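So the structure is just underneath, and the comments pick up after that.
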Amino acid sequence: MAFTLSQVAREIGAELKGNPDLEIADLAPIETAGPGQLSYIASGKFKKYLATTKASALIVFPGLESDKHSLLVVGDPYLGFAKAMRLFYRSFLPTTPGKHKTASIADDVEIPKDCYIGEFAVISRGARIGEGTEIHAGSFIGEDTVIGKSCRILQNVTLRERVTIGDNVVIYPGVVIGSDGFGYARTADGHLKIPQAGTVIIEDNVEIGAGTTIDRATLGETVIGKGAIIDNLVQIAHNCKIGPGAVICAQVGLAGSTIVGSNVILAGQVGVAGHLTIGEGAVIEAQSGVAGDVPPRAVHFGTPSREVYLAHKIEAGLNRLPDLIIRLKKLERLIEDK
Amino acid sequence: MAFTLSQVAREIGAELKGNPDLEIADLAPIETAGPGQLSYIASGKFKKYLATTKASALIVFPGLESDKHSLLVVGDPYLGFAKAMRLFYRSFLPTTPGKHKTASIADDVEIPKDCYIGEFAVISRGARIGEGTEIHAGSFIGEDTVIGKSCRILQNVTLRERVTIGDNVVIYPGVVIGSDGFGYARTADGHLKIPQAGTVIIEDNVEIGAGTTIDRATLGETVIGKGAIIDNLVQIAHNCKIGPGAVICAQVGLAGSTIVGSNVILAGQVGVAGHLTIGEGAVIEAQSGVAGDVPPRAVHFGTPSREVYLAHKIEAGLNRLPDLIIRLKKLERLIEDK
Amino acid sequence: MAFTLSQVAREIGAELKGNPDLEIADLAPIETAGPGQLSYIASGKFKKYLATTKASALIVFPGLESDKHSLLVVGDPYLGFAKAMRLFYRSFLPTTPGKHKTASIADDVEIPKDCYIGEFAVISRGARIGEGTEIHAGSFIGEDTVIGKSCRILQNVTLRERVTIGDNVVIYPGVVIGSDGFGYARTADGHLKIPQAGTVIIEDNVEIGAGTTIDRATLGETVIGKGAIIDNLVQIAHNCKIGPGAVICAQVGLAGSTIVGSNVILAGQVGVAGHLTIGEGAVIEAQSGVAGDVPPRAVHFGTPSREVYLAHKIEAGLNRLPDLIIRLKKLERLIEDK
């Protein structure tokens, strides 16, 4: 499916500099794009490719010029690229609605006509599935679990009992939601398990990456707020509350009862201790370990995490530490000699 | 199912201060509890809620007073809460014994009458399943694998061949036990795979969290000791031995042949190198990287991990490092000027 | 299946010192080996076991002597052990070719005669499966996905649509390949998902550990090079390129578009930021966080990672940091007093 450059410009809201009738066959990364392809330069860091890319057209930020390419100028080229990708592609193969004959669906469950239920999917008693929702092969939906409209539950997912999923939620393969929280009390005879009687609520428009685990609450709910996006292999413990729009990158781990504010960004492999609050809009840099509350809009780094300005000053200081030891020793000798 | 406060007091072994006939409908977290609900204050940190909580009754530690609440006084309120939770709730939906018609069970496998075998579960040749054990939907039990009594193997679990599971073991969704250890020898032609001919033994009363992976031994066994509790997304490599009662939090990773003593606590995201010994009762704080043996009952922090007293002194020192550099420079100038 | 020591010596290319007719029943770890068993001493670190091991024979490096054991002397005892293991054992139970009657195979898919397709496996339209390949129970093969010859896809694996797998690839249980990359653009209304239109290519002889996730590219391909070995619970983001022979240990996480050179070693729990290049043969030590490009054959440690010589000097300096503060204070007082 090809589009003219002027069609793309209209779709992404760009100013067009060049040939409006240029036919764009598809998009490609800047390094490999060739004739008939559209690519993008999101920031100054990638400007160097302007001289070498063989793309016919580029989505660029204002001020970038080229006499070899047609340009689509927008304020945010990455957003422009996202919109162009959505014009040319879709993330998923189109799914023909229907129930595969091998699926196991409890007698009391009603499947709306436009749903897709894949091979060996299991839908347990009391579960409710919204219109247009897809439950793919090998996924398990527990008793009394409720799933909203237009969700995509991909392959081999486990949603345990009494979990609630909103509308337009995407859950990638291998995810486990509603497993027991890690709650035990110490006794002389060993660990006494605390029943995990609560549940999980996933609000609308959330995406949850492959292999991620989100535990049910001890009492009450673990909550993933509207529009939050969660990457692969993330661990979210019992009773956490993730705010709307939060971004949680791969392999992050949150201990129990922690509150993550709206639009917070937790970069890859971050760990957060239990019973903490990360204020809205805060950013925690990769691999940090958060051991105390973080104020709104703060930027933190390190284990334990510190305000980034101090953390980076410490990092710079560490490079000089071996030399500091030598300089201190020298001073001590000088003083002794006097 | 409601209980009077005196019934709860008897069950958890508490001294009752207040109305013994107060009817308790259920338990709730301290922040959200309301009339007719029981909550708890586990430590001084949560004492602030005493003034505001709307719970009718509270489990508290000795010395805490309130004229607004009936109190259940115990030495360890968290243990008291655990016991009360076990009175009111259970972790799992009750399961009606039986074999689902879609399960695939090898001809030579005998399933005791009180077991539950879920949808699309696979039980391979030579496997043995103990009385009262549940194998939930989509789980795979490999050839000659032996599972004890009263175990719960939840959904989409993979237990490969020749693995041994004790009694009362709970394995949460998505766990993989008995996959090949990561063993290869270098050759001029690339990595030569070393067959992983050993197995895994999970002793009685162990719990293993969602998405965790426990590899089979190269030779001999990988062992998880009696009553150990393991959280989600943990990696335990070939030939590790985990002692009885150990606590392994989420996203911990252990390299091959490491020995973890009884009652050791490894906090979230800890990594431990191979062929090490962590002595019994040691505690490794979150995100630490253990690069050498740890003595019994030691407390360690950092990467590489150090005795916590030194590690925390270093952390405090780091906050002062940028200032130290300035002070040293100043001293050098002073000395030069003299 | 027993072998004489001379048979083993021939197989592993060792010089035999001792009884060539000694019958070896099997192999065992050095600590537990007994009469009739063969073990090995891979390095000086394990020499201490020479005095105590009850093994009848040992694979050792040149220069090691024993009057209690028959010896097989080789340049690389670990490689010798690997070869002996391959003589005595195989990693997998032998699989009888055939299609299990419960497998769901699309009408247009041809299964070569010597393949194994397990219980409840799903093979979707347009998929192609090479000769001798095994697809085990509960695994899902997406539309138009192509798998080469002699692969082993173990249990509960998810390979999404349009993924390409080479020959002799082993994929352990619970792996997810081809899930959507984590790509979103910010808008005033929340995160706008970028379709992930690319795919994943796994080249020949790759092994991928349990629970690992490898995302499909936004455009183009995520590539795992020939002979690379990947451990459990690893996260590889969209558009990464992993070079041939690379070793990626458990719980490593790579952000998007990062290039890992051939034969690179990433130790356990390492994190690598996006759009970086790690040069061929580089080694990144455990738990490091790589924040910039790494030159070929460099050895790095720390978060952010530094050249290991500097990183270890800094580590040593940290142990002295609390003392440095005291010494600096003392100097300042001395100067003041003068």
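Chains as they are written, first to last, in this note's numbering: chain A, 1 to 338; chain B, 1001 to 1338; chain C, 2001 to 2338. Cβ coordinates follow ideal geometry from the N, Cα and C atoms, glycine included. Being a predicted model, the structure only gives us computed values, none of them experimental.
Comparing C-alpha positions only, which one of the options sits nearest to residue i?
i	options	result
A:E261	A:G253, A:S6, A:I278 and A:V247	Glu is not the amino acid found at residue 261 of chain A; the sequence shown has Gly there. Among A:G253, A:S6, A:I278 and A:V247, the Cα nearest to that of A:G261 is on A:I278.
A:P112	A:A103, A:E134, A:L254 and A:A9	A:E134
A:D21	A:L27, A:S70 and A:H100	A:S70
A:L339	A:Y89, A:K330, A:G18 and A:R90	Here chain A covers residues 1 to 338 and nothing more, so residue 339 of chain A does not appear.
B:Q1037	B:E1031, B:S1043, B:A1025 and B:K1045	B:A1025
B:D1107	B:S1150, B:R1125, B:A1237 and B:P1097	B:R1125
B:V1170	B:N1232, B:G1098 and B:I1153	B:I1153
C:V2048	C:P2035, C:G2034 and C:E2065	It should be pointed out that residue 2048 of chain C corresponds to Lys in this sequence rather than to Val. When each option's Cα is compared against that of C:K2048, the closest is C:E2065.
A:A267	A:A246, A:I117, A:G174 and A:G13	A:A246
A:L159	A:K329, A:C151, A:G211 and A:T145	A:T145
B:I1165	B:A1009, B:I1117 and B:T1199	B:T1199
A:T52	A:I117, A:F61, A:P97 and A:T32	A:T32
B:H1238	B:N1263, B:A1002, B:I1229 and B:A1217	B:A1217
C:F2140	A:A127, A:I141 and A:F120	A:F120
B:C1240	B:V1175, B:G1178 and B:T1222	B:T1222
B:G1142	B:C1249, B:Y1184 and B:I1105	B:I1105
B:V1290	B:G1281, B:E1280 and B:V1272	B:V1272
B:A1228	B:G1190, B:R1333, B:E1203 and B:F1182	B:E1203
B:P1295	B:E1285, B:I1265, B:Q1287 and B:E1280	B:E1280
C:I2177	A:G211, A:G138, A:V122 and A:H100	A:G211
A:G209	A:G34, A:K68, A:L93 and A:N156	A:N156
C:V2175	C:I2230, C:D2189, C:G2183 and C:A2188	C:I2230
C:N2168	C:E2285, C:S2288 and C:I2147	C:I2147
Assign residue i to buried or exposed, taking buried as 16 or more other Cβ atoms, counted over all protein chains shown, within 10 Å of its Cβ.
i	result
A:Y172	buried
A:I326	exposed
A:K226	buried
B:E1131	exposed
C:T2096	exposed
C:G2243	buried
B:K1330	exposed
C:K2193	buried
A:M85	buried
C:P2304	buried
C:G2183	buried
Please report the straight-line C-alpha distance between residue i and residue j, rounded to a whole angstrom.
i	j	result
B:D1180	B:Q1196	6 Å
B:E1011	C:E2307	60 Å
B:R1090	C:P2029	43 Å
C:Y2309	A:P322	11 Å
C:K2149	B:H1275	36 Å
B:P1060	B:V1073	According to the sequence displayed, residue 1060 of chain B carries Val and not Pro. Distance between the alpha carbons of B:V1060 and B:V1073 is about 5 Å.
B:D1293	B:V1283	13 Å
B:K1313	C:L2324	12 Å
A:P62	A:I129	46 Å
C:V2376	B:E1161	Nothing can be reported for residue 2376 of chain C, as the shown portion of chain C is limited to 2001 through 2338.
B:T1102	B:Q1269	39 Å
A:I224	B:I1335	60 Å
C:L2050	C:G2013	22 Å
C:E2265	C:V2206	Before going further, note that residue 2265 of chain C is Ile rather than Glu in the sequence given. Taking the straight line joining both Cα atoms gives about 15 Å.
A:C115	A:R186	47 Å
C:H2136	C:T2004	36 Å
Original post:
Does the count of Cβ pairs from the region 1284–1300 of chain B and the region 1313–1321 of chain B closer than 8 Å reach three?
Top reply: The region 1284–1300 of chain B and the region 1313–1321 of chain B do not touch, with fewer than 3 CB-CB distances between them shorter than 8 Å.
**OP:** Taking 8 Å as the threshold, find out whether the region 29–43 of chain A comes into contact with the region 71–87 of chain A through three or more Cβ pairs.
**Re:** Touching, per the Cβ criterion.
Subject >> Near-chain B residues of the region 2187–2204 of chain C - C-beta to any C-beta below 9 Å >> reply: Listed in sequence order: no entries.
Subject >> Where the region 2221–2239 of chain C meets chain A: residues whose CB sits under 8 Å from a CB there >> reply: Taking 8 Å as the upper bound on Cβ-Cβ separation, chain A lies near residues L2233, Q2235, A2237 and N2239 of the region 2221–2239 of chain C.
**OP:** Determine contact between the region 2234–2242 of chain C and the region 2252–2261 of chain C, defined as no fewer than three beta-carbon pairs at a distance below 8 Å.
**Re:** As far as the Cβ criterion goes, the region 2234–2242 of chain C touches the region 2252–2261 of chain C, which means the pair count is three or higher.
Original post:
Between the region 2074–2100 of chain C and chain B, which residues of the former have CB atoms less than 9 Å from a CB of the latter, in chain order?
Top reply: Residues passing the 9 Å Cβ filter: D2076, Y2078, L2079, G2080, F2081, A2082, K2083, M2085, R2086, F2088, Y2089, R2090, S2091, F2092, L2093 and H2100.
Subject >> Under 7 Å (Cβ pairs) to chain A, residues found in the region 1099–1128 of chain B >> reply: Hits within the stretch, in order: T1102, E1119 and F1120.
**OP:** Note down, in chain order, all residues in the region 2148–2165 of chain C with a beta-carbon under 7 Å from any beta-carbon belonging to chain B.
**Re:** Residues of the region 2148–2165 of chain C whose Cβ lies closer than 7 Å to any Cβ of chain B, in chain order: Q2155 and N2156.
**OP:** Please name the residues in the region 1308–1333 of chain B whose beta-carbon is closer than 8 Å to at least one beta-carbon of chain A, in chain order.
**Re:** Residues passing the 8 Å Cβ filter: E1315, L1318, N1319, L1321, P1322, L1324, I1325, L1328, L1331 and E1332.
Original post:
What residues in the region 25–54 of chain A bring their beta carbon closer than 7 Å to a beta carbon of chain C?
Top reply: Flagged, chain order: L27, A28, P29 and T32.
**OP:** Could you please tell me which residues of the region 2268–2284 of chain C, in chain order, have their CB closer than 8 Å to any CB of chain B?
**Re:** Taking 8 Å as the cut-off between beta carbons, the residues of the region 2268–2284 of chain C near chain B are G2268 and Q2269, in sequence order.
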